[in-house]
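J.: Under our numbering, residues -11 to 580 are what the sequence shown spells out, in order. Think of the CB as a built atom: it goes at the ideal place given N, C-alpha and C, for glycine as much as any other residue.
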Amino acid sequence: MADTKKSRGLAATGVGTVDCARHNMKLRNAVGDLQKGEKYINMDYLFFSAMKHHDVIVLNISYDIACQWSKHLWSRMSKLPSAFHLDHDNKQVNFLIPKFHLPAHIEPCQIDFSFNFSRHVGRTDGEALERGWANINPIASSTKEMGPGSRHDTLDDHFGDWNWKRVVQLGRLTARKLANAVEQKADHQRELLELESCLQAQDISEWRIDIEAWELDRMQPNPFKVRVAPETQAAIRLELARIEAAELESGTNVSLHAEVPPSVLISSAIDLEDQQRRLSHEIAALGAHATDHQLAKVQLHANTLRRKVDGWQEIQLLYMPFVSRLRANEDCARSSTDATPAVEAINLWLPSAVGPDTQCPTQLHRFEWMLRYAQANDALKDIRNLLRLRSHLYKFKDNNIVDQAANTRARSTINKTDVKVSMAAERYEVARAALTALAQILDEGPAWQDIFKPLNRNRDLKSLKDMWEKETEGTRHLSWIWKTPGVAEDASPFVSNGARRARAMRWEEEVDLLKEEQRRVIAFLDWQADWWWCQRQGRDSEHLDDCLREGLKAYAERQASLRRALSAQFQALWTTPTLPAATSIDTATFTV
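#1: At the level of alpha carbons, what is the spacing between Tyr361 and Asn12?
#2: Buried or exposed: where does Asn365 fall if 16 or more other Cβ atoms within 10 Å of its Cβ makes it buried?
#3: On the CB-based measure, 16 or more other CB atoms within 10 Å of its CB, does Gln506 come out buried or exposed?
#4: For the candidate residues Pro249, Leu226, Ile224, Arg225, whose alpha-carbon lies nearest to that of Leu236?
#5: If you draw a straight line from the alpha carbon of Leu84 to that of Leu226, how long is it in whole angstroms?
#6: Determine the direct distance from the alpha carbon of Ala(-1) to that of Leu117, and round the result to whole angstroms.
#7: Which runs of the alpha helix (DSSP H), 4 residues or longer, sit entirely within the region 61 to 141?
#8: Which residues in the same chain have their Cβ closer than 8 Å to the Cβ of Ala422, if we skip the five residues on either side of it in sequence?
#9: Hey, how far is the Cα of Asp7 from the Cα of Ala18?
#10: Assuming Arg265 contacts Met65 (C-beta within less than 8 Å), just tell me the rounded distance between them.
#11: Evaluate Pro86 with the Cβ neighbour count: other Cβ atoms within 10 Å of its Cβ, from every protein chain shown; 16 or more gives buried, anything less gives exposed.
#12: Could you spell out where the alpha helix (DSSP H) holding Ser555 opens and where it closes?
#13: Drop a sphere of 10 angstroms on the beta-carbon of Ser37, count the other beta-carbons inside from all chains shown, and report buried for 16 or more, exposed for fewer.
#14: Suppose the cutoff is 8 Å on Cβ atoms and the five residues either side in sequence are ignored; what does the same chain contact list for Ser256 look like?
#15: Taking only the alpha-carbon atoms, compute the straight-line gap between Leu204 and Val46 and give it to the nearest angstrom.
#16: Rounded to a whole number of angstroms, what is the C-alpha to C-alpha distance between Ala476 and Trp470?
#17: Measuring CB atoms only, is the region 302 to 320 touching the region 341 to 354, in the sense that at least three cross pairs come out at less than 8 Å?
#18: Taking all protein chains shown into account, do 16 or more other C-beta atoms lie within 10 angstroms of the C-beta of Glu148, making it buried, or fewer, making it exposed?
#19: With C-beta atoms as the reference, is Arg551 less than 8 Å away from Gln523?
#20: Taking the Cβ atom as the reference point for each residue, do Phe212 and Ile99 lie within a distance shorter than 8 Å?
#21: Cutting at 8 Å between CB atoms, please list the residues of its own chain near Gly120, excluding the five before and the five after it.
#22: Could you tell me the distance, in whole angstroms, from the CA atom of Lys40 to the CA atom of Leu267?
#23: Please report the distance separating the alpha-carbon of Lys385 from that of Ala492.
#24: Buried or exposed: which applies to Ile29, given that a residue is buried once 16 or more other Cβ atoms fall within 10 Å of its Cβ?
#25: What is the C-beta distance between Ala92 and Arg397, in whole angstroms, given that I count them as a contact (C-beta under 8 Å)?
#26: Who pairs with Ile49 in a beta bridge, going by DSSP?
#27: How would you call Gln525, buried or exposed, if buried means at least 16 neighbouring beta carbons within 10 angstroms?
#28: Looking at Ser63: is its Cβ nearer than 8 Å to the Cβ of Asn82?
#29: Within the same chain, show all residues whose beta-carbon is closer than 6 Å to that of Lys132, passing over the 5 residues directly before and after it, in chain order.
#30: Just checking my contact of Arg415 with Ala367 at CB under 8 Å: how many whole Å lie between their CB atoms?
#31: Grouping DSSP H, G and I as helix and E and B as strand, with all else coil, what is Thr472?
#32: Ends of the alpha helix (DSSP H) at Thr401?
#33: According to DSSP, is Lys285 helix, strand or coil?
#34: Between the Cα of Asp370 and those of Glu95, Gln23, Ser58, Ala393, spot the shortest distance and give me the residue it belongs to.
#35: Which residue from Tyr33, His76, Asp43 puts its Cα closest to that of Lys67?
#36: Mind checking Ala560: buried by the 16 CB within 10 Å criterion, or exposed?
Here's what the structure looks like:
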């Protein structure tokens, strides 16, 4: 119910929590009601309410929308009461995205907010807060009918029971994790040494300096990003604008329109093409029983686009006057009974479409080449991001959706993503067709065809996960869209080596973290046992009768005995001769 739209008359639509990402426990003052979904104001309050009880220096925050939620967090904090203010200037605060949720994010987020590339987190996946819902969800049908007091008490009881079960299970879980971490640490360190033996020692030293600089200061260039950056439409438009500025300054600008120079003419036409394709998809999605509201919405979009196209065509005649003849030929080709073409079907006659025999200025051909090249890059990037998102949606649906209503909504979301994939593929195909025509006019070499290959929708529009699962080891073929410059891991030995080093370091840290956690668990249980033992006399008062005093004493002794028994059990379980003695956590001494 947390994200339901039907919140009218409800005191709360769900609860939000703040958990320990390492041990999956609910923190103190970290559970609160949500009035309508996970609004920032709710989650901010819960976060700072929980953090005021913890004076830690390094804070790793895991949230599935950390990339957005972290923006302006401190300015939002300033609006809360002073008791909730966090001294973040004297802390190291890292914002991360849980590993399961990360693939659904755009490519920069998958690097900047990854647990895999962050120091001192070990093999933490950040998904603890999601796993806890499986335990509490079954009582929702009961608590949603309770009054606020009973509901809060019931939730407190269940969360307290959950935390205690996590404490009792620490012995077995930690032992199992440590045994696996020791084995994985050795394997990944060996793989890293084998890789580095094939590389130059000087290169390794230079790469490590860059990595360590970024690990200490995230404002430094991220070394895990592939350094071959494809040109984008935004970058090309900026470059063309700067060229125009230089021409204006030198007095060599020959624009025929005061507000629309040649570069803007071409870029505007490409934008209009995108709007035409979008309108075509909207019309195709109407169906046979569209409502008046849906029809009116599409008609308004068509009217707006018609006005934009008419205005653009008038300016086009200044730079490409011969287009009037092409338009007249189109009109003659249609019979007198044919209606005016729909706005989404109007041919804009860009330089790539008019052919090499027309008197089109070479400058316009060159501008379109640059913009189409960038458009193809952008389209491929969108395709890859959408394929990752679709794969994540399928995985989430298969693992979490069971009832028919939720399955229908999930299927609808996936269908919308499929439409976006199709539109991005169509945009790429249009850009590549234009590049093919322009390459002949401008005598461009064949190098661009090695980057922008023909798109096979049946074979290429699959995620990496789909390719791996549906083909055997000996028959797997990776689509070319995952091997373009700036995408493939092997495009940069630096990135490949850095990723392997990060994996080895995370397992090294995991071993150290687990050993330190074992030490602290024993120390805490011993301290808590002594604390409970001291409480035997803590309630002595002349106002208590002998029976109550004896009961309180027995309860305190029982709690102390439980802690001592747990401590002894854990120590016996963790005493394994094959594991080295615990060491302090200091990953700065990591020398692999």
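T.: Straight from the coordinates:
#1: Along the sequence shown, one-based indexing puts residue 361 at 373. Along the sequence shown, one-based indexing puts residue 12 at 24. Cα to Cα, the separation comes out at about 48 Å.
#2: By 1-based counting over the sequence shown, the position of residue 365 is 377. When all chains shown are included, Asn365 counts as buried.
#3: Taking the sequence shown and counting its residues from 1, the one referred to as residue 506 is at position 518. It counts as buried.
#4: Against the sequence shown, residue 236 aligns to sequence position 248. Nearest option by C-alpha distance: Pro249.
#5: Numbered from its first residue, the sequence shown carries residue 84 at position 96. Numbered from its first residue, the sequence shown carries residue 226 at position 238. Their Cα atoms are separated by approximately 32 Å.
#6: Here the question's residue 117 lines up with position 129 in the sequence shown. Here the question's residue -1 lines up with position 11 in the sequence shown. Going from the Cα of Leu117 to the Cα of Ala(-1) covers about 23 Å.
#7: 61 to 65, 95 to 100, 116 to 119, 121 to 124, 128 to 131
#8: Reading the sequence shown from its first residue, position 434 is the one you call residue 422. The answer, listed in chain order, is Leu338, Ser340, Ala341, Glu356, Arg360.
#9: On the sequence shown, residue 7 is found 19 positions in, with the first residue counted as 1. On the sequence shown, residue 18 is found 30 positions in, with the first residue counted as 1. About 7 Å.
#10: Against the sequence shown, residue 265 aligns to sequence position 277. Against the sequence shown, residue 65 aligns to sequence position 77. Actually they are not in contact, since the Cβ atoms of Arg265 and Met65 sit about 43 Å apart, beyond 8 Å.
#11: In the sequence shown, counting from the first residue as 1, residue 86 sits at position 98. The residue is buried, with at least 16 neighbouring Cβ atoms inside 10 Å.
#12: Numbered from 1 along the sequence shown, position 567 holds the residue referred to as residue 555. From DSSP, the alpha helix (DSSP H) with Ser555 extends over 534 to 562.
#13: Here residue 37 is taken as the residue at index 49 of the sequence shown, counted from 1. It counts as buried.
#14: Sequence index remark: in the sequence shown, residue 256 carries index 268 (1-based). These residues qualify, in order along the chain: Val248, Trp300.
#15: Here the question's residue 204 lines up with position 216 in the sequence shown. Here the question's residue 46 lines up with position 58 in the sequence shown. If you take the alpha carbons of Leu204 and Val46, they lie about 12 Å apart.
#16: Here the question's residue 476 lines up with position 488 in the sequence shown. Here the question's residue 470 lines up with position 482 in the sequence shown. Interpretation of Ala476 is limited by its pLDDT of 48, a score under 50 that renders its predicted location unreliable; the figure taken from the coordinates is listed afterwards. In a straight line, the C-alpha of Ala476 is about 6 Å away from that of Trp470.
#17: yes
#18: Taking the sequence shown and counting its residues from 1, one reaches residue 148 at position 160. For clarity, residue 148 is Gly in the given sequence; the question names Glu instead. Classification for Gly148: exposed.
#19: Along the sequence shown, read from residue 1 onward, the residue named residue 551 stands at position 563. Along the sequence shown, read from residue 1 onward, the residue named residue 523 stands at position 535. Against a cut-off of 8 Å, the Cβ pair of Gln523 and Arg551 comes out as no contact.
#20: On the sequence shown, position 224 is the one that residue 212 refers to. On the sequence shown, position 111 is the one that residue 99 refers to. Contact: yes.
#21: Counting from one through the sequence shown, the residue named residue 120 turns up at place 132. For Gly120, where only same-chain residues beyond five positions count, the Cβ hits under 8 Å are Thr5, Asp7, Asn12, Lys14, Trp150.
#22: The count along the sequence shown starts at 1 and reaches residue 40 at position 52. The count along the sequence shown starts at 1 and reaches residue 267 at position 279. Near 51 Å, if we compare the C-alpha coordinates of Leu267 and Lys40.
#23: As a first step, residue 385 must be located in the sequence shown, where it is residue number 397. As a first step, residue 492 must be located in the sequence shown, where it is residue number 504. Cα-Cα distance, rounded: 32 Å.
#24: For this step, residue 29 is matched to residue 41 along the sequence shown. The residue is exposed, with fewer than 16 neighbouring Cβ atoms inside 10 Å.
#25: One-based indexing of the sequence shown puts residue 92 at position 104. One-based indexing of the sequence shown puts residue 397 at position 409. Contact doesn't hold; Cβ gap of about 16 Å is too wide.
#26: To locate residue 49, count along the sequence shown from 1; it is residue 61. Answer is Phe83, bridged to Ile49.
#27: For the purposes of this step, residue 525 is taken as the residue at position 537 of the sequence shown. It counts as exposed.
#28: Start at 1 with the first residue of the sequence shown, and residue 63 comes out as number 75. Start at 1 with the first residue of the sequence shown, and residue 82 comes out as number 94. No, these two residues do not count as a Cβ contact at 8 Å.
#29: Locating residue 132 in the sequence shown gives position 144, where the first residue counts as 1. Within the same chain, Lys132 has no close Cβ partners at all.
#30: Here residue 415 corresponds to residue number 427 of the sequence shown, with the count starting at 1. Here residue 367 corresponds to residue number 379 of the sequence shown, with the count starting at 1. Sure, about 4 Å apart at Cβ, within 8 Å.
#31: Translated into the one-based positions of the sequence shown, residue 472 becomes position 484. In this structure, Thr472 counts as coil in the three-state DSSP scheme.
#32: Residue mapping note: residue 401 aligns to position 413 of the sequence shown, counting from 1. Here the alpha helix (DSSP H) through Thr401 covers 392 to 430.
#33: By one-based count along the sequence shown, residue 285 stands at place 297. Looking at Lys285 - three-state DSSP - the assignment turns out to be helix.
#34: The count along the sequence shown starts at 1 and reaches residue 370 at position 382. The option with the nearest alpha carbon to Asp370 is Glu95.
#35: Here the question's residue 67 lines up with position 79 in the sequence shown. Looking at the Cα atoms, Tyr33 is the closest of the given residues.
#36: Along the sequence shown, one-based indexing puts residue 560 at 572. Flag for Ala560 reads exposed.
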